[in-house]
Amino acid sequence: MTTVAGAGAAIPAGHPRAGWWGTQRNRQLALIACFLLPSLVVFVLYRVLPLGWNVVLSFQAWSPLKPAQWIGLENYVEMWSYDDVFWVALRNTLIFIAASPLAIAAALGIALLVNSDLKGATVYRTIVFLSYPLMAVAVGIIWRWMYDERGGIINYALRASGLVDRPIGFLQDFDWALPSVIFAEIWQVLGFYMIILLTGLQSIPQNLYEAARIDGAPAWARFFRITVPMLRPSLFLCIVVGILNSFSSFDLVYIMTNGGPGHATELLITHIYKSAFVETKFDYAAALTVVQFSLLVVLTIAANRAAGGNAGAVERD
Amino acid sequence: MVTRRTLLKTAAAAAATSVFPTPAIGQASKKITFLTWNIIDQKELIEGWIKRFQAARPGVEVEWLDKKGPDFGPFYQTQLTAGTPPDVINTQGALGLEYAAQGALLDLTPLLAREAAIKSRFDANYLGNWIYEGHNYMLPFYITKTLLFYNKPMFAKAGLTGPPTSFDEILSHAQKMTSGEASTGFMTLNFDWLYWPLFAMNGVQLVTPDLKKTAFNTPKAVEVLDKLAKATQANAINKISWTGRWVEPNGAFGAGNVGMLHAHSPAYFFFKGQGSWVTPETLGVAHMPGFYATPNSHGLGISKGSKNPELAWDFLKFVTDNGQAGELAERRKLVTGNIAVDKASLAKLEKEDPTVYAVLKTQLEHTDKMTGNWRFGNDSRVKEAFWPEVQSALLGRKDAKSALADAERRMSRELARA
Amino acid sequence: MAESTIRRATPLLALRHLALVVVSFVMLVPFYWVLKTAITNENIYAYPPGILPREPHLYNFVDVWYLIPFPRYLANSIIVSTIAVIGNVVFNALAGYALTRDFPGRRAVLALFLSCMLIPFQAAIIPAYLVTAKMGLLNTYFGLAFPLLSTIVCIFVFKAAFEAVPRSLIDAARIDGLSEWRIIVRVLLPLSKPAIATNVILSFIWSWNNFLWPLLITRDPLMQTLPLGLARFLSYMEDTTGALYAFAVMVLLPSILVFLMAQKEFIRGLTSGATKG
Amino acid sequence: MSVRRQLVSRWVIVPGGIAVVTLVWLAYVAAHDHGVVEGRVVDRSGRPVGGASVMLFERGFVTHQERGRATSDADGAFRFTDNRSHSIQLEAEAPGLGRSERRVVRLWFAAQDVKLVEPLRFATSK
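Protein chains in written order, with my numbering: chain E, -4 to 312; chain C, 356 to 773; chain A, 852 to 1128; chain S, 166 to 291.
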């Protein structure tokens, strides 16, 4: 403080910067700003700018080499009143997202199990995580084969065990395709949820449990009064990631079904990608992107509310 | 003064090039980029070409890039937007036409007019696959169209003497060879309109000759689609026909329990690699009834944004001339659309590898009967509007009538937008 | 539950193992197939599927090594991923900490971060490319790593971990006159080892498996990363070949290694929380 | 963490260990990659075939290219010294005997020196 005051004195009085820099709080603010800066740079360059680009593009008619011209809401009108694929993709995307809580619940269960002094917890943990780092393309190929109607191991097992008499074309059947893709997606992402939740569990001070135990709170009570509230940030994170997966698992869907059969597994992201890079409708794809973005924002806000606001932060003193 | 300014300029330029490792931008030496479509297996060959090309032209540099189909679009479109498109590109199917319509490709018509010798190199019908609104945009690199492969032992077992000669015979043959799940009768590839001969041989037209209006929603088309759907439900047509892409159908045919496969010539090498049963005695090769076939050829074009279009054209001529094309034909065992080359290599193959010969021969026959190769500038959009609906019908999700109605509605919209 | 001190009755213990074994089985079956196909050349669409590998061998791995410039790609991947990991741990920790402090516009920043997460990269390709080109980072390691230098998920991992650290501890440190920087390094990070581990693991995996971005910004073959080798295998042999799966395994191993090395922190973390508060 | 502790941490040991193993392996490879391929050619009854020309095919991405030919000496032995590949096929051809079976030889690294245990065998005999 004193040194700073001195510095402040050295500079002609009333110099705004000196005055601003003078207070402890402002220096704190400057510091916080510096802390945020690197990340902000990355996100502004690779997230915010592209979003802006998409927003602008969504009101234009453009393709590489074609000068952009403003066409107002045409792209959106097209989407709303003519593109029936959009509505299918929207529905599928929502189903896709709705499935993630199940995965998270499963992951929580596993995390709790492997977070103890259980023998071989490390092994289990590793096994569950194993699938996450696998390249999505490889995962897609493998599951496409597992689901295969003739050579697929799943049908093979189902029939060997006499559960079904006719093989199921999981990825070819209009009703099975989406659930099958979702299951494969969960298979891959389970390990991710698990370590996020593990990280959360790790940071719960044990003394809370001890205290609770001394008060004679039963296990379930400790779970709901301590574990769940303390896990709020991690759970929130998992839910957000669950929402993200509706597009971050693009590769998987693209490899497994490419949105088919018909449009049974068409997600907004596959529709966006195909519109842009297969049909070269970049302008229309931009409109789709904006819509998907808004949708996900709404969902995230809802999740945030559910997690008690502040990204599920736990306020304690 | 002047000297100093120029000096500064060059210095700045040098600095720029060193700071910006961006290729093809602001480079002194004459450089072109050759972007191929999924032919990385011929690394040795293409690098050899480039060496020779450069040797003959001092100060010229050729950069070679290869992308797999799904990655090609994103890469090329991005490069277009950035103003650094690869000079010479190799695309598959109708994509070249779309890029042409997009204004990405150089119109080769004047160049071909200038050098008749080049134009006469190629099979006119194949060359014609890349004519968009009357202009040539691409030259054949290597060419394929669909044909009918069939499993002779399965034919014999079903008491069938020869390949089908009509649409209904395809279905009846298929039915005869079908027994539950153990074996299915017929299978086709479905991407890029490859299944279209099935409709063409029934006289179904997709669009009016001017490509402006849909023409497929007819009672006949409904009947055909319905027959195909029923045959699929009965397992006579393998479901993979409508759901698989490349690996599944060819893999299944290679597994030896599918009677017929309608696919283009590269399929042969794939299922041969998969199926030990494939020998000259067991594999039958024929044309589809009515000699209809859908091409899926590889073309070479020049990006309009090329900094050295003349050099690019030079390279195009170099790659497609007898020497280079000959090597490609020999190594990849394919036909190039270069008449002289194909003649020679087929003559050679006739002795060395009768099956390959039989397969490739079909590629040069009845080239006037090619179908499913409409010169759309928005082919993929039309496809996206048409195929999913038809697929729904084929897999029994929708009835043929309403599927075609929906397809018509969506396709008409795309055609109108174009 | 999370508490480690209690001794559990054996039947319950057995039950836990049972549950985990079942889960493990489901997780491993597809995996088994990756491995099986990697050590054979069987057509995976053959029927009926062979459960046990027929005449297994390891030559597919040799093929992978030579059919693509594996060593070069590997080196590139390692460099890029290392840059990304360092960037993530440092930047995310800073940002994560900043978000635990309250300052004007905090909610705005929070909202910005959250919404940044919701933009799919597939839709950002072209602008991202143009930006990178403008910065002259095409064909450079830094350009490859840049978009992944800081990831929001990991920022929130840190934020959550830091928030769980008792305030009293930080206040005490502050009273002792520790600078913010010191507080992070000396107080928060040591208590957030699991968060660090998670950051390392996830950022490594993400940059390691990144496919689309390297595909677009590296024209120079010498700058390409491992996942791009995948395209080469798919390109001609398609996906029935053993080499492809051998490749997948070879690309997977480093991630697993990093996970195994980092996950020790999850166990250590168990006791760390208990000490203070 | 002190410098010493960091040095012995797994983050150093594991990569270090891998590096060491790699170096050892590379050393071994360097000592054994002269591209020598040796073997013998015999006819059906196992008698050595002299003057048979042996072809060496090299594996490309999907194809096999002929890379070289060698001729077997009086006791059927042949020797290539310029193999660059990690996956080759050998086939012998002799007047009156036709072609031998095609032997697939896969190596652990490119140009690995190798000696065929089982000789190339013709289906027919003199």
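From the three backbone atoms N, C-alpha and C, an ideal C-beta is built for every residue, glycine too.
Residue-chain proximity (A:I1006, chain C), Cβ-Cβ < 8 Å = Start at 1 with the first residue of the third sequence, and residue 1006 of chain A comes out as number 155. Not closer than 8 Å to any Cβ of chain C, the Cβ of A:I1006 fails to qualify, so no.
task = Give, in chain order, every residue of the segment 727 to 755 of chain C whose Cβ lies closer than 7 Å to some Cβ of chain E.
result = Listed by position along the chain: S735, R736, E739, P743, Q746, S747, L750, R752.
request  = Label E:P228 either buried or exposed according to how many other C-beta atoms from any shown protein chain fall within 10 Å of its C-beta, with 16 as the threshold for buried.
outcome  = Mapped onto the first sequence, residue 228 of chain E falls at position 233. Buried, since its Cβ has 16 or more Cβ neighbours within 10 Å.
request  = Please specify which runs of the alpha helix (DSSP H), each continuous and at least 4 residues long, are wholly inside the segment 27 to 62 of chain E, giving them in chain order.
outcome  = Fully enclosed alpha helix (DSSP H) runs of no fewer than 4 residues occupy 44 to 52 of the segment 27 to 62 of chain E, in order along the chain.
request  = Provide the residue(s) that pair with S:E256 in DSSP beta bridges, ordered along the chain.
outcome  = Residue 256 of chain S sits at position 91 when you count from the first residue of the fourth sequence. DSSP, once it has assigned bridges, lists S:M220 as partnering S:E256.
request  = With 8 Å as the threshold, decide whether the Cβ of A:L1095 is near any Cβ in chain C.
outcome  = The residue given as residue 1095 of chain A occupies position 244 in the third sequence. So, not an interface residue.
query = Within the 8 Å Cβ cut-off, does C:A684 reach chain A?
reply = As a position in the second sequence, residue 684 of chain C is number 329, starting the count at 1. Answer no: the Cβ-Cβ gap between C:A684 and chain A never drops below 8 Å.
request  = Return the Cβ separation of A:L1063 and A:F972 in integer angstroms, given the expectation that the two are a contact with Cβ distance under 8 Å.
outcome  = For the purposes of this step, residue 1063 of chain A is taken as the residue at position 212 of the third sequence. For the purposes of this step, residue 972 of chain A is taken as the residue at position 121 of the third sequence. Cβ atoms of A:L1063 and A:F972 come within 8 Å of each other, at about 7 Å.
message = Please state whether the Cβ-Cβ distance between C:S620 and C:N545 is less than 8 Å.
response = The residue you call residue 620 of chain C lines up with position 265 of the second sequence. The residue you call residue 545 of chain C lines up with position 190 of the second sequence. No. Outside cutoff.
ask   = Can you round the beta-carbon distance between E:T26 and A:E1031 to whole angstroms, since I take them to be within the 8 Å contact cut?
value = As a working note, residue 26 of chain E is residue 31 in the first sequence. As a working note, residue 1031 of chain A is residue 180 in the third sequence. According to the sequence displayed, residue 26 of chain E carries Leu and not Thr. Yes, E:L26 and A:E1031 are in contact; Cβ-Cβ is about 5 Å, under 8 Å.
task = Please classify C:Y647: is it buried, with 16 or more other beta-carbons within 10 angstroms of its beta-carbon, or exposed?
result = Locating residue 647 of chain C in the second sequence gives position 292, counting from the first residue. By the neighbour-count rule (16 or more Cβ atoms within 10 Å), C:Y647 is buried.
request  = Examine chain A for any beta-carbon lying closer than 8 Å to the beta-carbon of C:Q382, and answer yes or no.
outcome  = Stepping through the second sequence from its first residue, residue 382 of chain C is reached at position 27. Here C:Q382 scores only 45 on pLDDT, less than 50, and its place in the model is too uncertain to base an answer on.
query = Who are the Cβ neighbours of E:G315 in its own chain at under 7 Å, not counting the five residues just before and after it?
reply = An answer regarding residue 315 of chain E cannot be provided, because it is not within the stretch -4 to 312 covered by chain E.
request  = With DSSP as the reference, label A:P998 as helix, strand or coil.
outcome  = Working through the third sequence from its first residue, we reach residue 998 of chain A at position 147. For A:P998, the three-state secondary structure derived from DSSP is helix.
request  = For the segment 884 to 916 of chain A, enumerate the residues whose C-beta is nearer than 7 Å to any C-beta of chain S, in chain order.
outcome  = Hits within the stretch, in order: Y910, V913, D914.
query = For a contact meaning CB atoms closer than 8 Å, what does A:F943 contact in chain E?
reply = Counting from one through the third sequence, the residue named residue 943 of chain A turns up at place 92. Contrary to the premise, residue 943 of chain A reads as Asn rather than Phe in this sequence. Neighbours of A:N943 across chain E, judged by C-beta separation under 8 Å: S34.
inquiry  = Could you check if C:I592 belongs to the surroundings of the ligand COA, using beta carbon to heavy atom distance under 7 Å?
reply    = Summarising the ligand content, the structure contains no ligands, and the ligand COA is consequently not present.
inquiry  = On a Cα-Cα basis, can you pick out the residue from A:V1038, A:K1010, A:F1013 that is closest to A:A1023?
reply    = The residue given as residue 1023 of chain A occupies position 172 in the third sequence. Ranked by how close their Cα comes to the Cα of A:A1023, the residues A:V1038, A:K1010, A:F1013 have A:V1038 in first place.
ask   = Using DSSP with H/G/I as helix, E/B as strand and the rest coil, what is C:S384?
value = Indexing the second sequence from 1 puts residue 384 of chain C at position 29. Three-state result, C:S384: coil.
inquiry  = Quick test of your reading: A:L1040 and C:K423, contact by CB under 8 Å. State the CB separation rounded to the nearest angstrom.
reply    = Translated into the one-based positions of the third sequence, residue 1040 of chain A becomes position 189. Translated into the one-based positions of the second sequence, residue 423 of chain C becomes position 68. The pair is not a contact, with the Cβ atoms about 43 Å apart (cut-off 8 Å).
Per-residue DSSP class, three states only, for C:I486 = Numbered from its first residue, the second sequence carries residue 486 of chain C at position 131. Of the three classes helix, strand and coil, the one that applies to C:I486 here is strand, per DSSP.
inquiry  = Please classify E:N21 as buried or exposed, where buried requires at least 16 neighbouring CB atoms within 10 angstroms.
reply    = Residue mapping note: residue 21 of chain E aligns to position 26 of the first sequence, counting from 1. When all chains shown are included, E:N21 counts as exposed.
query = Using a Cβ-Cβ cut-off of 8 Å (strictly less than) and excluding sequence neighbours within five positions of C:A584, which residues of its own chain qualify?
reply = For this step, residue 584 of chain C is matched to residue 229 along the second sequence. Around C:A584, the same chain offers A748, L749, L750, G751, A755 as residues with beta carbons nearer than 8 Å, after the five sequence neighbours per side are excluded.
request  = Determine the direct distance from the alpha carbon of S:A217 to that of S:G208, and round the result to whole angstroms.
outcome  = Along the fourth sequence, read from residue 1 onward, the residue named residue 208 of chain S stands at position 43. Along the fourth sequence, read from residue 1 onward, the residue named residue 217 of chain S stands at position 52. Reading off the sequence, residue 208 of chain S comes out as Asp, not Gly. Rounded to the nearest whole angstrom, the CA to CA distance from S:D208 to S:A217 is 10 Å.
request  = Anything in chain E within Cβ reach of C:G428, meaning under 9 Å, just list it in chain order.
outcome  = Here the question's residue 428 of chain C lines up with position 73 in the second sequence. When 9 Å is used as the limit between beta carbons, C:G428 is near these residues of chain E: A271, F272, V273, T275, in chain order.
query = In chain A, which residues lie with their C-beta within 9 Å of the C-beta of S:V186?
reply = Taking the first residue of the fourth sequence as position 1, residue 186 of chain S is located at position 21. Listed along chain A is no residue with a C-beta nearer than 9 Å to that of S:V186; the closest approach is about 13 Å.
message = Along the chain, where does the beta strand (DSSP E) containing S:F245 start, and where does it finish?
response = Taking the fourth sequence and counting its residues from 1, one reaches residue 245 of chain S at position 80. Counting along the chain, the beta strand (DSSP E) containing S:F245 begins and ends at 242 to 245.
task = Measure the alpha-carbon distance for C:T717 versus C:A641 and round it to whole angstroms.
result = Here the question's residue 717 of chain C lines up with position 362 in the second sequence. Here the question's residue 641 of chain C lines up with position 286 in the second sequence. Straight across, the Cα-Cα distance linking C:T717 with C:A641 is about 8 Å.
ask   = With distances taken between CB atoms, is the gap from A:M1074 to A:V915 smaller than 8 Å?
value = Start at 1 with the first residue of the third sequence, and residue 1074 of chain A comes out as number 223. Start at 1 with the first residue of the third sequence, and residue 915 of chain A comes out as number 64. Result no, Cβ atoms of A:M1074 and A:V915 do not sit closer than 8 Å.
Contact list for S:R271 against chain A, beta-carbon separation under 9 Å = For the purposes of this step, residue 271 of chain S is taken as residue 106 along the fourth sequence, with counting starting at 1. Contact note: S:R271 reaches chain A through H908, Y910, V913, D914, using a C-beta cutoff of 9 Å and chain order.
Residue(s) in a DSSP beta bridge with C:H528 = Here the question's residue 528 of chain C lines up with position 173 in the second sequence. Beta bridge pairing from DSSP links C:H528 with no other residue.
ask   = With 16 as the cutoff for other CB atoms within 10 Å, does A:T1049 come out buried or exposed?
value = Taking the first residue of the third sequence as 1, we reach residue 1049 of chain A at position 198. Taking all protein chains shown into account, A:T1049 has 16 or more neighbouring C-beta atoms within 10 Å of its C-beta and is therefore buried.
inquiry  = I'd like the list of long-range same chain contacts for E:E180, defined as Cβ closer than 7 Å, with 5 residues on each side in sequence excluded.
reply    = Position 185 of the first sequence, counting from 1, holds the residue named residue 180 of chain E. Shown here for E:E180: same chain residues with a beta carbon closer than 7 Å to its own, the five before and five after excluded, namely N240, S244, L247 in chain order.
task = Give a yes or no on whether 8 Å exceeds the smallest Cβ distance from A:S1001 to chain E.
result = The count along the third sequence starts at 1 and reaches residue 1001 of chain A at position 150. Chain E contact via Cβ: present.
inquiry  = What would DSSP say about E:D168, mapped onto helix, strand or coil?
reply    = For the purposes of this step, residue 168 of chain E is taken as the residue at position 173 of the first sequence. Note: E:D168 maps to coil in three-state DSSP.
query = Which one of A:F876, A:M986, A:I1056, A:I1026 has the shortest CA to CA distance from A:N939?
reply = Position 88 of the third sequence, counting from 1, holds the residue named residue 939 of chain A. Cα-wise, what sits closest to A:N939 is A:I1056.
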